[in-house]
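Step one of this worksheet: look at the structure below.
Residue numbers (my numbering): 7 to 195.
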């Protein structure tokens with residue numbers, strides 16, 4: 007038990023330092039000179055589209071199958087059978103909910119709109135035990151998948167593909183981001 011706690015603490019410290027490094031390095035590069043800032047802008051743009059591919063892979067290769075499995079378990083407990091794409095509907099409800107909340111905030115906000123940071127924390131954890139916990143877990147994972155779709159298409163890709171430069175390279179990085187995460191399925195962990 008102590009080893010697990012130590013491992014968790016070390017992971018948290020490691021993630022903190024990697025995030026700090028990832029946030030400070032671009033700032034330093036931009037401060038150095040304008041030419042490097044332009045190069046780093048291109049690199050950042052390619053990294054964003056790569057991240058969009060990772061989000062798509064997470065959504066379709068991890069969250070969607072997990073939601074389908076949870077819903078299958080819940081429906082079998084209630085002896086319910088349906089051909090309706092319930093998992094996909096939950097994901098789209100998450101997407102629409104995220105769009106609604108963002109537009110609501112932007113409508114009633116008085117100053118100039120800026121990027122709204124959306125994060126999903128611990129979307130894969132159990133929300134409880136038994137049928138209510140399984141239903142809650144499936145619902146939350148479905149909504150998280152919709153949030154992933156929103157962030158990918160309306161925040162990352164819309165912004166990055168709006169710029170006319172390097173469009174095909176950005177699409178390549180989008181596909182690479184998807185392929186890297188999708189390919190990890192074949193690795194033995």
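Backbone N, C-alpha and C fix where the C-beta goes; we use that ideal spot for every residue, glycine too.
Note that the structure is a prediction, hence the values are computed from the model and not measured.
Item to check | Of the residues 191, 192, 182, 83, the one placed nearest residue 60, counting alpha carbons only | outcome: Out of 191, 192, 182, 83, the CA that lies nearest to the CA of residue 60 is found in 182.
Item to check | Contact set for residue 180: own chain, Cβ-Cβ below 6 Å, skip 5 residues either direction | outcome: For residue 180, where only same-chain residues beyond five positions count, the Cβ hits under 6 Å are 55, 58, 59.
Next on the checklist: Taking the beta carbon of residue 17 as the centre, do at least 16 other beta carbons fall within 10 Å, making it buried, or is it exposed?
Outcome noted: Exposed: under 16 other Cβ atoms inside 10 Å.
Next on the checklist: So, with DSSP's three-state summary, where would you put residue 87?
Outcome noted: Coil.
Checklist entry - So, is residue 162 buried or exposed, given that buried needs 16 or more other C-beta atoms within 10 angstroms? => result Taking every protein chain shown into account, the CB of residue 162 has 16 or more other CB atoms within 10 angstroms, so this residue is buried.
Item to check | Best match in 172, 99, 169 for proximity to residue 145 [C-alpha to C-alpha] | outcome: For the residues 172, 99, 169, the minimum Cα distance to residue 145 belongs to 99.
Item to check | Per-residue burial, residue 44 [other beta carbons within 10 Å of its own, 16 or more giving buried] | outcome: Exposure of residue 44 is indicated by the presence of fewer than 16 other C-beta atoms within 10 angstroms of its C-beta.
Checklist entry - Where does residue 147 land, buried or exposed, given buried means 16+ other C-beta within 10 angstroms? => result Under this definition residue 147 is a buried residue.
Next on the checklist: For residue 188, tell me which candidate among 65, 175, 104 has the shortest Cα-Cα distance.
Outcome noted: Checking every option, the nearest Cα to that of residue 188 belongs to 65.
Checklist entry - Under 7 Å from any heavy atom of the ligand FMN, does the C-beta of residue 20 make it? => result Only the bare structure without any ligand can be found here, which leaves the ligand FMN out of the picture.
Checklist entry - What is the C-beta distance between residue 110 and residue 149, in whole angstroms, given that I count them as a contact (C-beta under 8 Å)? => result Wrong, their Cβ atoms sit about 16 Å apart, outside the cutoff.
Item to check | Collapsed DSSP secondary structure at residue 130 in the structure displayed | outcome: Low per-residue confidence applies at residue 130: pLDDT is 47, beneath 50, and the placement is therefore not dependable, though the value from the model is reported in the following sentence. Looking at residue 130 - three-state DSSP - the assignment turns out to be coil, as it is neither helix nor strand.
Item to check | residue 179, DSSP secondary structure in three states | outcome: Looking at residue 179 - three-state DSSP - the assignment turns out to be helix.
Checklist entry - Taking DSSP as the reference, what is the three-state secondary structure of residue 76? => result Helix at residue 76.
Item to check | Rounded Cβ spacing between residue 80 and residue 97 (contact assumed at less than 8 Å) | outcome: Cβ atoms of residue 80 and residue 97 stay farther apart than 8 Å, at about 16 Å.
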